[in-house]
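Quick mapping for you: the protein sequence lines, in order, are chains S and C. Count along the first sequence starting at 1, add 2, and that's the number in this note's numbering. Count along the second sequence starting at 1, add 6, and that's the number in this note's numbering. Beta carbons: idealized from backbone N, C-alpha and C, even for Gly. Remember, it's a predicted structure, so these values are computed and weren't measured experimentally. In what follows, a single structure is set out as structure tokens and then discussed.
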Amino acid sequence: MNATLRAELVKHRTTRTDLGLFSGMLGLVLLAVLLHGLTLPADELASTPRQLMVFGPGQIIGTLFAALLGAMTITAEYRHGTIRPTLLATPKRAKVVAAKIATSATIGAGFGLAAGAVTAGAATSTLTARGIDIQLDSSDYTQLIIGGGIAAGLWAAIGGGLSAIFRHQVPTLVGLSAWLLFVESLLGDNDTIVEVGRYAPGAAAAALTGQDPDRLLAPTAGLILLIMYATAAALAGTRATAHRDVT
Amino acid sequence: MTSTDPYSHGAGMADATRTEPVIAVSALTKRYGDVVAVDDITFSLRAGTVTGILGPNGAGKTTTLRLLLGLAEPTSGQALVFGQRYAELNQPVRQVGAVLESNDFHPGRTGHNHLRTLALAAKIPESRIDEVLDLVNLDQAANRKVRGYSLGMRQRLGLAGALLGEPQLLILDEPANGLDPAGVHWLRSFLQRYAAEGRTVLVSSHILAEVAQAVDQVVIIDRGHLVTTADVAELTRDGRTLEDAYLELTDGEHS
Numbered sequence: 003m004n005a006t007l008r009a010e011l012v013k014h015r016t017t018r019t020d021l022g023l024f025s026g027m028l029g030l031v032l033l034a035v036l037l038h039g040l041t042l043p044a045d046e047l048a049s050t051p052r053q054l055m056v057f058g059p060g061q062i063i064g065t066l067f068a069a070l071l072g073a074m075t076i077t078a079e080y081r082h083g084t085i086r087p088t089l090l091a092t093p094k095r096a097k098v099v100a101a102k103i104a105t106s107a108t109i110g111a112g113f114g115l116a117a118g119a120v121t122a123g124a125a126t127s128t129l130t131a132r133g134i135d136i137q138l139d140s141s142d143y144t145q146l147i148i149g150g151g152i153a154a155g156l157w158a159a160i161g162g163g164l165s166a167i168f169r170h171q172v173p174t175l176v177g178l179s180a181w182l183l184f185v186e187s188l189l190g191d192n193d194t195i196v197e198v199g200r201y202a203p204g205a206a207a208a209a210l211t212g213q214d215p216d217r218l219l220a221p222t223a224g225l226i227l228l229i230m231y232a233t234a235a236a237l238a239g240t241r242a243t244a245h246r247d248v249t
Numbered sequence: 007m008t009s010t011d012p013y014s015h016g017a018g019m020a021d022a023t024r025t026e027p028v029i030a031v032s033a034l035t036k037r038y039g040d041v042v043a044v045d046d047i048t049f050s051l052r053a054g055t056v057t058g059i060l061g062p063n064g065a066g067k068t069t070t071l072r073l074l075l076g077l078a079e080p081t082s083g084q085a086l087v088f089g090q091r092y093a094e095l096n097q098p099v100r101q102v103g104a105v106l107e108s109n110d111f112h113p114g115r116t117g118h119n120h121l122r123t124l125a126l127a128a129k130i131p132e133s134r135i136d137e138v139l140d141l142v143n144l145d146q147a148a149n150r151k152v153r154g155y156s157l158g159m160r161q162r163l164g165l166a167g168a169l170l171g172e173p174q175l176l177i178l179d180e181p182a183n184g185l186d187p188a189g190v191h192w193l194r195s196f197l198q199r200y201a202a203e204g205r206t207v208l209v210s211s212h213i214l215a216e217v218a219q220a221v222d223q224v225v226i227i228d229r230g231h232l233v234t235t236a237d238v239a240e241l242t243r244d245g246r247t248l249e250d251a252y253l254e255l256t257d258g259e260h261s
């Protein structure tokens with residue numbers, strides 16, 4: 003395995019950051035799924051798309067935490083100053099950014115898979131416990147979990163690329179959270195901009211997991227669009243890092 | 007032969023570097039907007055010497071080191087190590103060891119793991135980690151998180167990272183900051199031993215007492231300008247202390 007990739011993997015493994023994010027994600031996924039699953043009226047949960055609304059928040063949280071993970075691998079280096087020894091050991095900066103994005107995308111995909119699996123388990127048992135017939139079939143579940151894994155991996159790359167541009171930890175993390183939890187839902191709720199909103203990167207991630215098929219893009223289109231966003235963010239981040247002075 | 011080679015008069019010089027200065031800075035300039043942090047500086051260093059880069063705070067010492075190490079790009083001019091830009095070195099960690107800040111660690115990572123990330127990136131065998139930890143007397147603390155390290159321990163962990171690749175050139179920015187007198191003494195003798203093996207050390211400081219006894223030559227910078235490059239023996243020849251000479255040289259610029 004490539005030396006820079008190995009170094010980046012060991013960085014992930016040797017602090018508690020990843021574990022902390024993972025635990026936080028699982029806790030929030032459970033909370034969101036239970037809140038939706040227990041509080042939405044039973045007569046509103048009869049159809050597949052409506053039932054997916056119980057599953058949706060879990061997927062968004064998985065995507066968000068993968069994005070935060072991707073961002074923190076880069077912002078933490080600037081915050082703690084480890085970017086200096088990192089770049090002294092690997093002065094070819096594009097290699098460093100690429101290795102960071104690749105490792106974050108892999109671990110982020112794991113976050114997405116775990117969030118999807120926990121969501122599926124918690125939502126299914128909550129609805130079943132309320133006596134609601136589960137309308138989702140195995141392909142819905144597969145899409146939810148696998149699609150969620152891919153979406154989270156790509157969003158980890160988006161988080162990594164954007165953080166390489168912005169570098170400061172707090173604004174980057176707040177920005178990513180605000181975008182995924184707030185801005186995208188505003189775009190989705192507003193009829194006049196919904197046409198634009200479905201092309202947003204969070205909506206593309208939701209489309210990939212099979213959410214809201216009437217409003218969102220088809221899953222394949224969502225996948226292609228999200229790959230384009232991730233590639234653009236990774237390239238922009240690499241470019242921003244290439245010649246900028248590190249103080 | 008030796009009398010015609012400008013870089014050959016250093017003690018304990020390595021043959022491989024006879025024809026080429028270890029560090030070659032020429033017409034180096036760095037501007038940040040209207041501020042000229044480094045203004046047309048030229049100097050070179052021969053192997054086997056300990057050189058102090060001296061100057062008041064804000065003189066441009068750290069900027070010069072950053073330019074040498076490829077962390078910043080010069081506005082004009084060149085800063086070369088072993089004849090190349092740092093980013094072009096094949097195995098930078100095996101050629102140059104550098105510490106720019108005393109606290110460039112993740113607080114939640116152990117000292118050993120910090121060195122492991124660097125060793126992996128530079129393809130240095132992990133067995134070397136214990137060697138450098140021994141070298142800087144941190145073997146006992148290696149598996150503790152850096153969060154619990156004193157400033158002196160952090161300085162030594164940084165130095166351990168710089169020594170991983172057994173480099174021929176060490177570049178240290180204010181390495182004595184925050185060290186107690188025993189730590190300063192240890193650092194000085196360490197650097198002298200290091201250079202006695204034919205290697206080269208460039209160390210910056212704004213506190214003369216820290217370096218006066220350890221360096222063979224000085225590069226004095228003031229407000230971005232090179233004031234002088236000289237052997238310490240030369241500067242102190244007529245009974246002046248290095249401090250007297252330094253103050254005279256930098257004050258001369260001010261008046």
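Under the DSSP definition of a beta bridge, Lys-36(C) partners with Val-44(C). Not a single CB atom of chain S sits nearer than 8 Å to the CB of Gly-204(C). Within chain C, the residues whose beta carbon sits less than 8 Å from that of Asp-247(S) are Arg-72, Leu-77, Ala-78, Glu-79, listed in sequence order. With its beta carbon less than 8 Å from one in chain S, Gly-167(C) belongs to the interface. It is roughly 22 Å from the alpha-carbon of Ile-59(C) to the alpha-carbon of Leu-163(C).
Assignment of beta strand (DSSP E) within the stretch 49–125 of chain C, counting only whole runs of 3 or more residues, yields 56–60, 82–87, 102–105 in chain order. Counting along the chain, the unbroken alpha helix (DSSP H) around His-82(S) starts and ends at 50–82.
For Arg-194(C), same chain residues with a beta-carbon under 7 Å away, outside a window of 5 residues either side, are Gln-219, Ala-220 in chain order. Where Asp-237(C) is concerned, the enclosing beta strand (DSSP E) starts and stops at 231–237. The C-beta of Gly-239(S) has 16 or more other C-beta atoms within 10 Å across all chains shown, which makes the residue buried. Using a Cβ-Cβ cut-off of 7 Å, Pro-87(S) is close to Asp-110, Leu-124, Gly-167 of chain C, given in chain order.
A distance below 8 Å separates the beta carbons of Ala-166(C) and Leu-121(C). Ala-43(C) is outside the set of residues whose beta carbon lies under 8 Å from a beta carbon in chain S. The shortest CA-to-CA distance from Leu-71(C) to any of His-82(S), Leu-90(S), Val-56(S), Ile-62(S) is the one to Leu-90(S). From the beta-carbon of Lys-102(S), no residue of chain C is found nearer than 8 Å; the closest lies around 12 Å away.
Rounded to the nearest angstrom, the Cβ distance from Leu-129(S) to Gly-39(S) is 6 Å, consistent with a contact under 8 Å. Thr-65(S) has its alpha-carbon roughly 48 Å from the corresponding atom of Ile-29(C).
DSSP places Asp-140(C) in the uninterrupted alpha helix (DSSP H) bounded by 133–141. The residue from Ser-82(C), Gly-61(C), His-231(C) with its alpha-carbon nearest to that of Leu-34(C) is Ser-82(C).
Annotation: the continuous beta strand (DSSP E) that includes Gln-223(C) extends over 223–228. The beta carbon of Thr-126(S) sits closer than 7 Å to the beta carbons of Ile-136 from its chain, once the five residues preceding and following it are set aside; these are given in chain order. In the displayed model, Asp-214(S) falls within coil according to three-state DSSP, outside both helix and strand. Annotation: Cβ neighbours of Glu-107(C) in chain S (cutoff 7 Å, chain order): Gly-83, Arg-86.
In terms of beta-carbon proximity, Leu-90(S) lines the interface with chain C, with at least one pair separated by less than 8 Å. By the neighbour-count criterion, in which a residue is buried when 16 or more other Cβ atoms sit within 10 angstroms of its Cβ, Leu-138(S) is buried.
Judged by DSSP in its simplified three-state form, Ile-134(S) adopts coil rather than helix or strand. A residue is called buried when at least 16 other Cβ atoms come within 10 angstroms of its Cβ; Ser-165(S) meets this threshold and is buried. Within the stretch 149–174 of chain S, no residue has its Cβ closer than 9 Å to any Cβ of chain C.
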